[in-house]
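In terms of the working numbering, the sequence shown is residues 62 to 450.
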Amino acid sequence: MAFEALDFYRIDDELSEDARIVRDTVREFVDKEFLPLVVEHVRRDGSFPMELVPKMAELGLFGSNLHGYGCAGLDNVAYGLIQQELERGDSGLRSFSSVQSGLCMYPIYTYGTDKQKDRWLPGMAAGEVIGCFGLTEPDFGSDPGGMLSRAEKRGNAWILNGTKRWITNGTVSDIAIVWAQTDDGIQGFIVEKDFAGFEARDMKGKFSLRASITSELFMSDVEVPEENRLPGVKGLKGPLGCLNQARYGIAWGAIGAAQACFDEALQYSKERMIMKRPLASLQIPQQKLVKMATEITKAQLLCLRLAKLKDEGNLRHPMVSMAKMNNVDMALNVARDARDMLGANGIVDDYCSMRHMVNLETVRTYEGTHDIHTLILGRDLTGLDAFGG
Ligand code: TGC
Ligand code: FAD
Numbered sequence: 062m063a064f065e066a067l068d069f070y071r072i073d074d075e076l077s078e079d080a081r082i083v084r085d086t087v088r089e090f091v092d093k094e095f096l097p098l099v100v101e102h103v104r105r106d107g108s109f110p111m112e113l114v115p116k117m118a119e120l121g122l123f124g125s126n127l128h129g130y131g132c133a134g135l136d137n138v139a140y141g142l143i144q145q146e147l148e149r150g151d152s153g154l155r156s157f158s159s160v161q162s163g164l165c166m167y168p169i170y171t172y173g174t175d176k177q178k179d180r181w182l183p184g185m186a187a188g189e190v191i192g193c194f195g196l197t198e199p200d201f202g203s204d205p206g207g208m209l210s211r212a213e214k215r216g217n218a219w220i221l222n223g224t225k226r227w228i229t230n231g232t233v234s235d236i237a238i239v240w241a242q243t244d245d246g247i248q249g250f251i252v253e254k255d256f257a258g259f260e261a262r263d264m265k266g267k268f269s270l271r272a273s274i275t276s277e278l279f280m281s282d283v284e285v286p287e288e289n290r291l292p293g294v295k296g297l298k299g300p301l302g303c304l305n306q307a308r309y310g311i312a313w314g315a316i317g318a319a320q321a322c323f324d325e326a327l328q329y330s331k332e333r334m335i336m337k338r339p340l341a342s343l344q345i346p347q348q349k350l351v352k353m354a355t356e357i358t359k360a361q362l363l364c365l366r367l368a369k370l371k372d373e374g375n376l377r378h379p380m381v382s383m384a385k386m387n388n389v390d391m392a393l394n395v396a397r398d399a400r401d402m403l404g405a406n407g408i409v410d411d412y413c414s415m416r417h418m419v420n421l422e423t424v425r426t427y428e429g430t431h432d433i434h435t436l437i438l439g440r441d442l443t444g445l446d447a448f449g450g
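In structure tokens form, the structure reads like this:
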């Protein structure tokens, strides 16, 4: 059955023709090229269809809201719609794009030197150079400010030591943006995969986000030249600034996952006969569908407004927290209800709702957990810090 996107409030009317073309192009790519492969990768645990990377680059999906260096220079509505369509395919597909664009290209673009931008960004936009983002450590996830990774200046280089865990794309990356403590606060470094003392290893056994590569990074006396330090920022606001980009993409992406589940439940319930009547003709299933459609519509409106604020330069980071927190929670609830409406069929991989549901458990945790975004918003509203540190 072909996917039909819910557009109850005629969001399409608010989109430019360019944004609609971008969205439809990515939708077609996901339908034709990604979805036929996804279940195979979910079965393999922690693999990603790397053969699609050149096509993703050709479509302009990497760094699509950055300007120059071979990037598409799209506005933030079109950027958001790309993430929405990718995550309709799978959160792992959107993750690949989030990390490459928001967490690797963005810090080089924003905090890097002209030389670093010229060296790395064109290859990253072309999908020839893959990047990962090393912030989280085994003992410091929600509180990255406590990280143990450390870089010591020695002559014209830095000696980097530490371990990063849960790093998307670590083992397939050519470079890692690694954040480490220095005498001058937290700083970012471009670590190249063949630097001596650097090693990336795959993590296996995930129940969630299986169509995505997750790795550990080990750094033992890695010598990083000064020219690979990102000089434009010092302190935790460096990595947190990158997270705004990726969290923004997740807010849109969650709508895509929810749309896939809603559409599946709607189509299934119209065909599934219960007591000689379509499941969709019964009150309780209708109530579930109505709740899903209402929540998806609210999430779409939230994102559209957020995009406009971002394009105008009026975005504050707690606004992104609200959208990430709300939309992921919404999508998880939609996925659970959709899975439920499919009955036993909902647990097999002929259907997508359960795959989205388990993926969304990761999405709820990474890029700031649901609780952390609640606390960010609580602090913003009250002026009082409830993090407990
Ligand atoms: P806090 O005092 O709040 O802030 C320190 C400095 O940073 C500034 N700041 C931000 N700047 C830009 N964007 C943001 N979102 C910012 N949040 C804070 C802040 O103004 C301050 O600046 P300054 O100039 O005064 O120094 O710091 P805190 O230590 O209280 O921590 C705050 C907390 C807990 C909210 C923060 O640490 C946090 O967000 N924790 C969550 C960590 C997280 O999200 N990790 C994600 C890792 S990457 C990942 O998950 C990738 S998944 C990829 C995929 O596959 O899609
Ligand atoms: P913890 O911080 O240990 O949290 C455990 C629980 O405690 C949560 O419920 C949390 O909400 C709660 N909690 C934490 N602090 C507080 C508090 N102050 N008050 C109340 N409750 C609190 N990281 C990267 O750097 N790069 C990546 O590419 C990346 N990719 C990832 C891919 C996957 C598949 C996953 C699962 C994670 C990835 N991460 C990545 C890591 C991710 O960002 C962290 O898992 C996340 O920030 C949470 O940290 P944690 O797992 O250590 O949980």
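All residues carry an ideal CB built from backbone N, CA and C; glycine is no exception. The model shown is predicted, which means the values in this text are computed figures rather than measured ones.
Inset, instruction - Sort Phe268, Val239, Leu270, Ala319 by Cα distance to Phe256 and report the nearest one. - result: Val239
Inset, instruction - Examine the Cβ distances between the region 434-447 and the region 408-423 and report whether three or more of them are shorter than 8 Å. - result: Counting Cβ pairs under 8 Å, fewer than three are found: no touch.
Inset, instruction - Please determine if the region 382-391 and the region 89-105 are in contact, where contact requires at least 3 C-beta pairs separated by less than 8 Å. - result: no
Legend entry - For Asn394, the three-state DSSP class (helix, strand or coil): helix
Legend entry - Cβ-based burial, Asp324 [other Cβ within 10 Å; buried from 16]: The residue in question, Asp324, is buried, as its Cβ has 16 or more Cβ neighbours within 10 Å.
Legend entry - Three CB pairs or more closer than 8 Å across the region 201-209 and the region 337-344: no
Inset, instruction - May I ask you to check if the CB of Leu209 is nearer than 7 Å to at least one heavy atom of ligand 2? - result: No, since every heavy atom of ligand 2 falls outside the 7 Å radius drawn around the Cβ of Leu209.
Legend entry - Continuous alpha helix (DSSP H) stretch holding Ser158: start and end: 152-159
Legend entry - Presumed contact (8 Å Cβ cut-off) between Gly296 and Ile247, rounded CB distance: 6 Å
Inset, instruction - Indicate, with yes or no, if ligand 2 has a heavy atom lying under 7 Å from the CB of Cys165. - result: no
Inset, instruction - Express the C-alpha separation of Ala307 and Leu327 in angstroms, rounding to a whole number. - result: 30 Å
Inset, instruction - In angstroms with no decimal places, state the Cα-to-Cα distance between Met334 and Leu67. - result: 23 Å
Legend entry - Inside the region 205-241 only - beta strand (DSSP E) runs reaching at least 3 residues: 211-215, 218-229
Legend entry - Val99 CB to nearest heavy atom of ligand 1 below 7 Å: no
Legend entry - Other residues of its chain near Val116: CB distance less than 8 Å, five sequence neighbours each side excluded: Correcting the residue identity first, residue 116 is Lys in this sequence and not Val. Closer than 8 Å at Cβ, skipping near neighbours: Phe90, Glu94.
Inset, instruction - Give the DSSP-derived three-state secondary structure of Ala261 in the structure shown. - result: Of the three classes helix, strand and coil, the one that applies to Ala261 here is strand, per DSSP.
Legend entry - Range covered by the beta strand (DSSP E) that runs through Val285: 275-286
Inset, instruction - Assuming Gly124 and Met166 form a contact by the criterion Cβ under 8 Å, report the distance between their Cβ atoms to the nearest whole angstrom. - result: 4 Å
Inset, instruction - Between the Cα of Asp179 and those of His128, Ala212, Ile143, Gly163, spot the shortest distance and give me the residue it belongs to. - result: His128
Inset, instruction - Compute the distance between the beta-carbons of Gly361 and Ile72, then report whether it is under 8 Å. - result: What sits at residue 361 in the sequence shown is Gln, not Gly. Contact: yes.
Inset, instruction - Note down the Cα distance separating Asn406 from Met418, rounded to an integer number of angstroms. - result: 14 Å
Inset, instruction - Report, in whole angstroms, the separation of the C-beta atoms of Ala218 and Glu284, which I expect to be a contact under 8 Å. - result: 5 Å
Inset, instruction - Decide if the region 352-360 is in contact with the region 129-137; the criterion is three or more beta carbon pairs, one per stretch, under 8 Å apart. - result: no
Legend entry - Selection from Gly141, Lys267, Thr174, Glu287 that minimises the alpha carbon distance to Gly216: The option with the nearest alpha carbon to Gly216 is Glu287.
Legend entry - Option in Ser210, Gly188, Thr171 with minimal Cα separation from Gly195: Here the closest residue by C-alpha is Ser210.
Legend entry - Exposure of Ala368, with buried meaning 16 or more beta-carbon neighbours within 10 Å: buried
Inset, instruction - With Phe323 as the anchor, note down where its alpha helix (DSSP H) starts and where it stops. - result: Unbroken alpha helix (DSSP H) run through Phe323: 298-332.
Legend entry - Residues bridged to Val409 (per DSSP): Looking at the DSSP assignment, Val409 forms no beta bridge with any residue, so it has no partner.
Inset, instruction - Determine the direct distance from the alpha carbon of Ile228 to that of Tyr427, and round the result to whole angstroms. - result: In a straight line, the C-alpha of Tyr427 is about 10 Å away from that of Ile228.
Inset, instruction - Determine the direct distance from the alpha carbon of Gly153 to that of Leu147, and round the result to whole angstroms. - result: For Leu147 and Gly153, the distance between alpha carbons rounds to 9 Å.
Inset, instruction - Just mark Arg262 as buried or exposed, buried being the case when its beta carbon has 16 or more other beta carbons within 10 Å. - result: exposed
Inset, instruction - Given a cut-off of 8 Å, decide if Gly293 and Gly173 are closer than it, judged by their beta-carbon atoms. - result: Their beta carbons are under 8 Å apart, which means Gly173 touches Gly293 by this criterion.
Legend entry - For Val252, the residue or residues it bridges with in DSSP: Ala237
Inset, instruction - Assign Pro379 to one of three DSSP states: helix, strand, or coil. - result: Here DSSP, grouped into helix, strand and coil, assigns Pro379 to helix.
Legend entry - Complete runs of the alpha helix (DSSP H) confined to the region 97-140 [at least 4 residues]: Whole alpha helix (DSSP H) segments, 4+ residues: 114-119.
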